[in-house]
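Colleague:
Residue numbers (the UniProt record's numbering): 1 to 580.
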């Protein structure tokens with residue numbers, strides 16, 4: 001109510017004569033300098049007459065002719081256009097600096113008034129051969145800090161349907177984007193963003209905190225409440241840069257990110273700086289399945305964690321979010337057989353439906369979201385949908401749904417597109433600006449992730465608590481792959497490689513079974529990982545990020561088991577390098 005009152009008293013009411021408002025002010029803009037010039041010249045002539053001493057004869061008796069004083073020298077014909085032009089330029093600069101948006105507001109009032117008049121959304125009556133307006137709609141306009149507010153009186157008259165869909169004409173008429181609509185008992189309130197490209201932010205300004213990721217000024221992806229993202233865009237539309245921006249921001253916030261890139265394009269290069277990047281078909285399938293079972297395992301222990309209460313989410317119990325970034329999703333599904341693709345879609349659909357509460361999210365990217373790979377309402381589970389670059393009407397309907405009534409304008413601006421945040425509104429979107437030469441790999445390398453030290457990886461079985469559970473999980477994934485008919489020996493080879501690479505950190509008595517148990521697995525010692533972490537004044541989250549493991553895994557280490565002397569010494573030396 002208070003906002004309505006403030007808008008009513010600070011807004012401009014759109015009137016019938018506003019249809020020519022901008023042209024009226026344009027004429028004043030040009031004739032005002034000329035008028036000032038004529039006033040100045042009249043003052044000069046009046047001074048000449050007054051100081052000549054003949055002003056009484058000139059005014060009272062008419063003895064002196066005015067031609068003797070009002071002389072127009074030849075240079076005045078050159079001075080008038082020059083002074084006029086300079087005055088107009090100064091007038092423009094002063095108005096743009098002192099009154100920013102002044103002309104834009106007048107132009108908007110004119111356009112809105114013409115919209116009402118040309119569509120005939122008012123009542124008139126002929127009286128004595130002249131038409132008279134008997135009713136004109138009460139529409140109030142206000143623009144503040146790039147936001148346009150419109151308040152339309154709710155009269156329940158014959159123009160009610162037009163006023164309820166006013167955004168379809170306003171968006172294309174003054175090039176703004178609808179951000180919100182509220183239907184009240186007396187007024188319908190619209191909120192538009194004008195010149196949305198000004199709201200574009202740089203990649204350094206992208207901030208992820210408390211389950212929210214800033215994408216533009218006034219546009220956030222609250223993945224805690226709007227889970228899962230679908231990004232669509234053709235070649236050159238800015239899709240890859242947007243995905244890289246999301247990955248970098250999520251990693252900075254402490255999220256765990258798994259990247260799947262079947263085409264081995266730009267995203268596969270991230271394997272140099274972060275651990276979980278996969279491009280092989282078998283690895284990608286196994287990671288999708290493992291991601292699903294990790295989600296189920298998290299559900300099993302979620303309700304028994306400290307801080308849990310009914311209705312809370314993963315952040316309340318101290319869990320980190322997990323993101324599965326799947327580039328070229330449709331292209332990968334085309335590579336699979338029908339039965340395999342159907343089972344992969346089943347796992348992804350279950351993740352999309354169940355993952356929000358325990359912090360498991362999907363980010364799927366493709367060039368065209370074919371309906372056969374988003375079956376059974378799977379597309380509706382993606383609450384953030386972005387279409388970048390040029391797309392056809394069919395492409396937009398695949399992303400946002402055929403029920404969306406909006407005029408889509410294609411422009412050749414990299415990173416530009418449209419976004420739907422599950423608010424019932426599709427509006428223009430500009431991806432965060434990435435300057436030329438920006439090195440994503442160098443920036444992510446500064447985060448301290450290690451992709452080449454297997455002993456620091458979370459899935460290194462020889463040093464993590466509950467290795468039997470991890471082995472059982474892998475066997476379960478292995479059995480599923482066998483059932484799908486695409487099982488290979490890649491998992492076995494992966495285990496052998498990990499154990500072989502980690503052998504350099506193990507003591508020489510690893511061949512002795514008793515010595516192996518005593519040195520590798522836990523023996524209680526005063527030199528625990530917790531004391532090691534506290535000696536360097538690191539929080540649990542900071543230490544987990546540097547070691548490349550989850551916070552829960554680190555907590556398991558600290559509470560249940562210590563580390564062998566040699567492994568701890570190696571970790572200590574590596575942490576000293578970090579602290580330096």
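Note that the Cβ used here is the ideal one computed from N, Cα and C, for glycine as well. All of these numbers come straight from a predicted model, not from anything done at the bench.
Determine the direct distance from the alpha carbon of residue 149 to that of residue 159, and round the result to whole angstroms.
Modeller: Roughly 20 Å between the two C-alpha positions.
Colleague: Roughly how many whole angstroms lie between the Cα atoms of residue 503 and residue 271?
Modeller: Annotation note: pLDDT 38 at residue 503 (below 50); position unreliable, no value reported.
Colleague: Please tell me whether residue 16 and residue 136 are closer than 8 Å, where the distance is taken between their beta carbons.
Modeller: Cβ atoms of residue 16 and residue 136: closer than 8 Å.
Colleague: Within the segment 364-411, note down every full beta strand (DSSP E) run reaching 3 residues or more, in order along the chain.
Modeller: Runs of the beta strand (DSSP E) inside the segment 364-411: 384-388.
Colleague: Is the number of C-beta pairs between the segment 162-172 and the segment 194-204 that are closer than 8 Å three or more?
Modeller: Judged by Cβ distances under 8 Å, the segment 162-172 makes no contact with the segment 194-204, as fewer than three pairs qualify.
Colleague: Could you spell out where the beta strand (DSSP E) holding residue 117 opens and where it closes?
Modeller: Per DSSP, residue 117 belongs to no beta strand (DSSP E); it is in the alpha helix (DSSP H), 102-119.
Colleague: Which stretch, first to last residue, makes up the beta strand (DSSP E) that contains residue 223?
Modeller: No beta strand (DSSP E) holds residue 223; DSSP gives it neither H nor E.
Colleague: Buried or exposed: which applies to residue 256, given that a residue is buried once 16 or more other Cβ atoms fall within 10 Å of its Cβ?
Modeller: The residue in question, residue 256, is buried, as its Cβ has 16 or more Cβ neighbours within 10 Å.
Colleague: What residue range is occupied by the uninterrupted alpha helix (DSSP H) comprising residue 345?
Modeller: Looking at the DSSP string, the run of the alpha helix (DSSP H) that includes residue 345 is 338-354.
Colleague: What residue range does the alpha helix (DSSP H) around residue 329 cover?
Modeller: 329-335 is the span of the alpha helix (DSSP H), which, as asked, contains residue 329.
Colleague: Using the Cα positions of residue 326 and residue 288, report the straight-line distance between them to the nearest angstrom.
Modeller: Distance between the alpha carbons of residue 326 and residue 288: 10 Å.
Colleague: Identify whether residue 38 lies in helix, strand or coil by the three-state DSSP scheme.
Modeller: The answer is helix: DSSP assigns residue 38 an H, G or I state.
Colleague: Could you tell me which whole beta strand (DSSP E) segments of length 3 or greater appear in the segment 133-203?
Modeller: With a minimum length of 3 residues, the continuous beta strand (DSSP E) runs that stay inside the segment 133-203 are 139-144, 147-153, 176-183, 187-194.
Colleague: So, helix, strand or coil for residue 16, using DSSP?
Modeller: Here residue 16 sits in helix by DSSP.
Colleague: Go ahead and pull the three-state DSSP assignment for residue 305.
Modeller: Residue 305 falls in the coil class under three-state DSSP.
Colleague: With a threshold of 16 other CB atoms inside 10 Å of the CB of residue 344, please say whether the residue is buried or exposed.
Modeller: Counting Cβ neighbours within 10 Å, residue 344 comes out buried, since at least 16 surround it.
Colleague: Comparing C-alpha positions only, which one of 321, 308, 419 sits nearest to residue 209?
Modeller: The shortest C-alpha separation from residue 209 is found at 321.
Colleague: Given this structure, state the Cα-to-Cα distance separating residue 212 from residue 138, to the nearest angstrom.
Modeller: Their Cα atoms are separated by approximately 39 Å.
Colleague: Specify, as a first and last residue, the run of the alpha helix (DSSP H) that residue 441 falls within.
Modeller: Counting along the chain, the alpha helix (DSSP H) containing residue 441 begins and ends at 440-445.
Colleague: Please classify residue 140 as buried or exposed, where buried requires at least 16 neighbouring CB atoms within 10 angstroms.
Modeller: Buried, since its Cβ has 16 or more Cβ neighbours within 10 Å.
Colleague: Using a Cβ-Cβ cut-off of 7 Å (strictly less than) and excluding sequence neighbours within five positions of residue 588, which residues of its own chain qualify?
Modeller: The structure shown does not extend to residue 588, since the chain is modelled only from 1 to 580, so the question has no answer here.
Colleague: Identify which residue in 253, 218, 369 has its Cα closest to the Cα of residue 600.
Modeller: Residue 600 falls outside the range modelled here, since the chain spans only 1 to 580, and no answer is possible.
Colleague: In three-state DSSP terms, what is residue 129?
Modeller: Coil.
Colleague: Residue 209 by DSSP, collapsed to three states: which one?
Modeller: In the structure shown, residue 209 sits in a strand (DSSP, three-state: E or B).
Colleague: Across which residues does DSSP place residue 427 in a beta bridge pair?
Modeller: In DSSP, residue 427 forms a bridge with 419.
Colleague: Under 8 Å by Cβ, that's how I've got residue 101 and residue 227 pegged, so tell me the actual separation to the nearest angstrom.
Modeller: That belief does not hold up - the Cβ atoms of residue 101 and residue 227 are roughly 38 Å apart, past 8 Å.
Colleague: Compare the beta carbon distance of residue 365 and residue 247 with 8 Å and say whether it is the shorter of the two.
Modeller: No. Outside cutoff.
Colleague: Secondary structure at residue 98, three-state DSSP: helix, strand or coil?
Modeller: It is helical.
Colleague: Could you pull out every residue in the same chain whose Cβ sits closer than 8 Å to the Cβ of residue 249, ignoring the five residues on either side in sequence?
Modeller: The answer, listed in chain order, is 206, 207, 208, 213.
Colleague: Does residue 383 have its Cβ less than 8 Å from a Cβ in chain D?
Modeller: No chain D appears in the structure shown, which is made up of a single protein chain.
Colleague: State the Cα-Cα distance for the pair residue 99 and residue 151, rounded to the nearest angstrom.
Modeller: Taking the straight line joining both Cα atoms gives about 23 Å.
Colleague: Please work out which residues of its chain come closer than 6 Å, Cβ to Cβ, to residue 459, disregarding the five sequence neighbours upstream and downstream, and give them in chain order.
Modeller: The predicted model places residue 459 with a pLDDT of 39, which falls under 50 and marks its position as unreliable; any figure quoted below should be read in that light. Once the five neighbours on either side are set aside, residue 459 has no close Cβ partner at all.
Colleague: Quick one: grab the DSSP three-state call for residue 248.
Modeller: In the structure shown, residue 248 sits in a helix (DSSP, three-state: H, G or I).
Colleague: Could I get the ranges of all uninterrupted beta strand (DSSP E) runs contained in the segment 239-288, with 3 residues as the minimum, in chain order?
Modeller: Listed in chain order, the complete beta strand (DSSP E) runs (minimum 3 residues) inside the segment 239-288 are 256-260.
Colleague: Quick check: the Cα distance between residue 233 and residue 414, rounded to an integer number of angstroms?
Modeller: Their backbone Cα atoms lie some 11 Å apart in a straight line.
Colleague: Under 8 Å, do residue 387 and residue 238 count as touching if we go by C-beta distance?
Modeller: For residue 387 and residue 238, no; Cβs fall outside 8 Å.
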